[in-house]
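What follows is a short report on a single structure.
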Amino acid sequence: MTIENFWVQVNEPMLRQGDYLPGCLVPVFSPNFAENSDIQEVQVDEFDLIIVTQSCDLENKKARLVAMTPIYPVSEFEKINPAFAKKGRWNEVLKGRVEGLHLLASPTNPEDNRKALVVDFREIYSLPYDYLVKHATELGRRWRLKSPYLEHFSQAFARFFMRVGLPSSIPPFK
């Protein structure tokens, strides 16, 4: 079975929703971080991220900070979350039955589901627009989700945030 590629390569400074930006530096504040101190050290971690901010907001420079979520190869995600290495677990994610996770085909090998990428909507980072433009420019060629995979990705992100937990529900039918 031939799988259409979800991605297109771009080489431009313009940012869009669905841009895959590997190697982004993200500040991580310790619980002891205090605003009253003179100088403080802030840990910086490196993440591969994908943009979730709407393209129109980026294009019209309405977002000083860009919302992004981590994106991992399946094998790397399984190392951090061993429960996902169990047989059948990825099929649940693929069907949209695992809150906060979304699967995207590999940009380089879409037929191999073991090379797929996992987006984790449960973690969101906001990074400065100007930093990301500079980073994207330094990357040169990078991957960007193409339609309709971009819209599907955006819809999955929206579904995660529009959930409503009710204190009770209608009893099951018997």
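In our numbering, the protein residues as written are 72 to 245.
C-beta atoms are modelled at their ideal positions from N, C-alpha and C, and glycine is treated no differently.
Near R25, which residues of its chain fall below 8 angstroms by C-beta distance, leaving aside the five closest residues on each side in sequence? Because the chain in this structure spans residues 72 to 245, residue 25 falls outside the shown range and cannot be described.
Once you ignore the five residues that flank V164 on each side, which residues in its own chain have a CB closer than 6 angstroms to its CB? In the sequence shown, residue 164 corresponds to position 93, counting from 1. For V164, where only same-chain residues beyond five positions count, the Cβ hits under 6 angstroms are L172 and L174.
Report yes if the C-beta distance between Y143 and V189 is below 7 angstroms; otherwise report no. Residue mapping note: residue 143 aligns to position 72 of the sequence shown, counting from 1. Residue mapping note: residue 189 aligns to position 118 of the sequence shown, counting from 1. Yes; because the gap between Cβ atoms is below 7 angstroms, this pair is in contact.
Does the region 151 to 164 come close enough to the region 116 to 129 that 3 or more CB-CB pairs lie under 8 angstroms? Touching, no, given that fewer than three Cβ pairs across the two stretches are closer than 8 angstroms.
Option in F77, L96, I74 and N76 with minimal Cα separation from K205: Here residue 205 is taken as the residue at index 134 of the sequence shown, counted from 1. Measuring from the Cα of K205, the nearest candidate turns out to be L96.
Just grab the DSSP bridge partners of I122 for me. Position 51 of the sequence shown holds residue 122. Beta-bridge partners of I122 (DSSP): M139.
Does the distance from the C-beta atom of L92 to that of L120 stay below 7 angstroms? Residue 92 sits at position 21 when you count from the first residue of the sequence shown. Residue 120 sits at position 49 when you count from the first residue of the sequence shown. Contact check for L92 against L120 passes: the beta carbons are separated by less than 7 angstroms.
DSSP three-state call for S108: helix, strand or coil? Within the sequence shown, residue 108 is the residue found at index 37, counting from 1. Coil.
May I ask you to verify whether the region 194 to 202 touches the region 126 to 140, counting CB pairs closer than 8 angstroms and requiring at least 3? yes
Whole angstroms is fine: what's the gap from D128's alpha carbon to P242's? On the sequence shown, position 57 is the one that residue 128 refers to. On the sequence shown, position 171 is the one that residue 242 refers to. The C-alpha of P242 is placed about 43 angstroms away from the C-alpha of D128.
L129 - DSSP class collapsed to helix/strand/coil: Numbered from 1 along the sequence shown, position 58 holds the residue referred to as residue 129. Looking at L129 - three-state DSSP - the assignment turns out to be helix.
On the CB-based measure, 16 or more other CB atoms within 10 Å of its CB, does F228 come out buried or exposed? Position 157 of the sequence shown, counted from the first residue, corresponds to residue 228. Label assigned to F228: buried.
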